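Report on the structure given below.
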Amino acid sequence: MQDDVDLIKALYAAAEGESLDLPAFVSFFSKDGYARNVPAGVDFHGDDIAMVAGGMAEAFPDVHREILGINAMDGVVVVELAIRGTHTGDFATPAGTLAPTGRTIDVPCCDVFQVKDGKVVSFHCYNAATVMQQQLGLTG
């Protein structure tokens, strides 16, 4: 179980805005692994998995994922975290591209990973998209 936790911590480190390493981020996934942005209803496979970390880092170059809690059991790792950053780049959304607002975000999130043989086979991100929308000034 500790190996799974260490794997996920290393995955998050590869996704940090200041030390972004997209090839490393993708390398943590199995050949058939995928990432799912649950609120957006979008799945990423293969090399497109890089878009998960790359898209956030493009929009929020200082993006940081603060791990608040992490639990592992039987190949499942659940992480409670906050996604924080400053919106200084274009942000691709299902509704179109949002130009930089200069606003900061502090978005609650829960990520659920399934790990097998030292690789991520699935990553489901449950981020509070409505909180992010409010913080970016998109909703009242």
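Residue numbering for the sequence shown follows the numbering used here, starting at 1 and increasing by one per position. Every residue gets a Cβ at the ideal spot worked out from N, C-alpha and C, and that includes glycine. What you are looking at is a predicted structure, and each value in this text was computed from that prediction instead of being measured.
{"Check": "Cutting at 7 Å between CB atoms, please list the residues of its own chain near Asn127, excluding the five before and the five after it.", "Outcome": "Pro39, Ile83, Val107 and Cys109"}
{"Check": "Leaving aside the five residues before and after Val78 along the sequence, list all residues of the same chain whose C-beta is less than 6 Å from its C-beta, in chain order.", "Outcome": "Asn71 and Val112"}
{"Check": "Let me check understanding here. Comparing Cα to Cα, which of Glu16, Thr86, Ala13 and Ile49 lies closest to Val121?", "Outcome": "Ile49"}
{"Check": "Taking only runs of the beta strand (DSSP E) that begin and end inside the region 41-116, which ones reach a length of at least 3 residues, in chain order?", "Outcome": "42-45, 64-73, 76-86, 91-93, 96-98 and 104-116"}
{"Check": "Does the distance from the C-beta atom of Pro100 to that of Gly89 stay below 7 Å?", "Outcome": "yes"}
{"Check": "Please report the straight-line C-alpha distance between Gln133 and Thr139, rounded to a whole angstrom.", "Outcome": "6 Å"}
{"Check": "When DSSP labels each residue in this structure, what does Asp32 get in the three-state scheme?", "Outcome": "strand"}
{"Check": "Roughly how many angstroms lie between the CA atoms of Tyr12 and Ser19, to the nearest whole one?", "Outcome": "10 Å"}
{"Check": "Report the rounded CA-to-CA distance for Ile141 versus Ser27, giving the unit in angstroms.", "Outcome": "Residue 141 falls outside the range modelled here, since the chain spans only 1 to 140, and no answer is possible."}
{"Check": "Taking all protein chains shown into account, decide if Met1 is buried (16 or more other Cβ within 10 angstroms of its Cβ) or exposed.", "Outcome": "exposed"}
{"Check": "For Met56, count neighbouring C-beta atoms within 10 Å of its own C-beta (all shown protein chains included) and say buried if the count is 16 or more, exposed if not.", "Outcome": "buried"}
{"Check": "If you follow the beta strand (DSSP E) that Ser27 is in, where does it begin and where does it stop?", "Outcome": "Per DSSP, Ser27 belongs to no beta strand (DSSP E); it is in the alpha helix (DSSP H), Leu22 to Ser27."}
{"Check": "Return the CA-CA distance between Val115 and Cys125, expressed in angstroms with no decimal places.", "Outcome": "15 Å"}
{"Check": "If Arg103 sits next to Leu81, beta carbons under 8 Å apart, how far is it from one beta carbon to the other, in whole angstroms?", "Outcome": "20 Å between Cβ atoms; not a contact."}
{"Check": "Of the residues Phe25, Asp32 and Leu68, which one's Cα is nearest the Cα of Val52?", "Outcome": "Phe25"}
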